[in-house]
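Okay, structure first, notes after.
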Amino acid sequence: MAASRVRKKPKMIVFDLDYTLWPFWVDTHVDPPFQKRKSGEVVDRHGRLVKHHRDVPKILERLKSEGYILAVASRTSCTKEANSLIALFDWDKYFTYKEIYPGCKITHFNKFKSYSGIDFEDMLFFDDEYRNIKDLSNVGVTCYYVDENVGVTESVIAEGFQQFDDGIKKKS
134 MAASRVRKKP KMIVFDLDYT LWPFWVDTHV DPPFQKRKSG EVVDRHGRLV KHHRDVPKIL
194 ERLKSEGYIL AVASRTSCTK EANSLIALFD WDKYFTYKEI YPGCKITHFN KFKSYSGIDF
254 EDMLFFDDEY RNIKDLSNVG VTCYYVDENV GVTESVIAEG FQQFDDGIKK KS
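Counting from 134, one number per residue, gives the positions in the sequence shown under my numbering.
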């Protein structure tokens, strides 16, 4: 009987926000300020519903409960608004690190590395923009492209983990 190989898992999982955890650009498609209704729904200044991708809360809860360090890296110029939505969606409890401001995502990841001591090759990143994936892949982060029409789902997470494991096997 062949011994099964232990899968390599990331130490930190990082998510983009726009079109990755939620289906819009926070700087153009919704109108702050945001508020949470008694029903738990989040709305913008016009009372329009602001929703995240359906699977995201349970995915974040599961990953955090499994011991992963979770982080957010977003290039948006709407830092306050993005943080407001994270708080209103009750996601602050999941994220150890948040780097939300304009600029190259390598800057965001250098801060994650500095704060956590986790090397780039131990990070898994989910994003909908190829430019970010290209930049971060070049420094050793495993990056998974998220279809902006789908966002983060359980199957996206599983495929990202497989890509991380496959990348580790290639380096061994």
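For each residue, glycine too, the CB sits at the ideal point set by N, CA and C. As the structure is a computational prediction, the values presented were derived from the model and not from experiment.
Would you mind sorting CYS276 into buried or exposed? The rule is 16 or more other CB atoms within 10 Å of its CB.
-> buried
Tell me which same chain residues have a C-beta within less than 7 Å of the C-beta of THR153, skipping the five on either side of it?
-> PHE259, ASP260, ASP261, VAL279, GLY284 and VAL285
Is HIS241 buried or exposed, if buried means 16 or more other CB atoms sit within 10 Å of its CB?
-> buried
May I ask you to report which of helix, strand or coil DSSP gives PHE242?
-> helix
For THR212, the first and last residue of its enclosing alpha helix (DSSP H) | 212-221
Going by DSSP, name the residue or residues bridged to TRP155.
-> ASP151
For PHE167, which three-state DSSP category applies?
-> coil
In three-state DSSP terms, what is SER172?
-> coil
From ARG264, LYS226 and SER217, residue whose alpha carbon lies closest to that of SER198 = LYS226
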